[in-house]
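Asks: The sequence shown begins at 3 in my numbering and counts up one residue at a time. Handing you this structure, nothing more for now.
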Amino acid sequence: MALVNCPSCSKRISSKAAVCSHCNSVLGEMSEEQRLSLQRMKKIETSQSIMTQSMIAMLLFCGGFGSMFWGEPSPHSWQYIIAAGTTSIGFIWYVINRIRLILLKRK
Numbered sequence: 003m004a005l006v007n008c009p010s011c012s013k014r015i016s017s018k019a020a021v022c023s024h025c026n027s028v029l030g031e032m033s034e035e036q037r038l039s040l041q042r043m044k045k046i047e048t049s050q051s052i053m054t055q056s057m058i059a060m061l062l063f064c065g066g067f068g069s070m071f072w073g074e075p076s077p078h079s080w081q082y083i084i085a086a087g088t089t090s091i092g093f094i095w096y097v098i099n100r101i102r103l104i105l106l107k108r109k
């Protein structure tokens with residue numbers, strides 16, 4: 003008996019379990035091929051979610067940078083602080099999502 007990842011929720015369960023104790027997914031009726039297919043689909047869905055978040059972060063970064071560049075707010079004004087904040091948050095969020103994507107692909 004070994005521990006494997008549930009194809010539905012990705013939590014550790016026994017390889018001999020007929021039902022996942024976490025998500026109540028019926029595993030006894032699934033063939034090995036169906037389990038692998040479900041795991042691949044889950045990984046693709048997670049990857050797509052991270053890519054969507056990366057795009058939103060990039061738009062946030064570009065919007066803040068564009069506001070600073072074309073809007074030319076005076077330093078220490080609220081427009082400058084908001085533009086600098088969105089630029090920083092967008093950049094950091096983008097980098098974090100790219101690291102998450104790399105770690106997901108390594109699994």
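Heads up, the beta-carbon is just placed ideally off N, CA and C, and yes, glycines get one too.
In three-state terms, what does DSSP make of V103?
Replies: Correcting the residue type first, residue 103 is Leu in the shown sequence and not Val. Here L103 sits in helix by DSSP.
Asks: Could you tell me which whole alpha helix (DSSP H) segments of length 4 or greater appear in the segment 72 to 97?
Replies: Listed in chain order, nothing qualifies, since the segment 72 to 97 has no complete alpha helix (DSSP H) run of 4 or more residues.
Asks: Please name the residue, chosen from M43, S49, H24 and L61, that lies closest to Y96 on a Cα-to-Cα basis.
Replies: The shortest C-alpha separation from Y96 is found at L61.
Asks: Mind checking S10: buried by the 16 CB within 10 Å criterion, or exposed?
Replies: Classification of S10: buried, given that the 10 Å Cβ count is 16 or more.
Asks: Please classify L105: is it buried, with 16 or more other beta-carbons within 10 angstroms of its beta-carbon, or exposed?
Replies: Result: exposed.
Asks: Does DSSP put S16 in a helix, in a strand, or in coil?
Replies: DSSP places S16 in strand when its eight states are reduced to three.
Asks: Do the segment 63 to 76 and the segment 28 to 41 touch if we need at least three Cβ pairs shorter than 8 Å?
Replies: Touching, no.
Asks: Does DSSP put L121 in a helix, in a strand, or in coil?
Replies: With the chain covering only 3 through 109, there is no way to say anything about residue 121.
Asks: Please confirm whether any heavy atom of the ligand GTP lies closer than 7 Å to the CB of R14.
Replies: The ligand GTP is absent from the structure shown, which contains no ligand whatsoever.
Asks: What's the gap between the Cα of Y82 and the Cα of I94?
Replies: The alpha-carbon atoms of Y82 and I94 are separated by roughly 18 Å.
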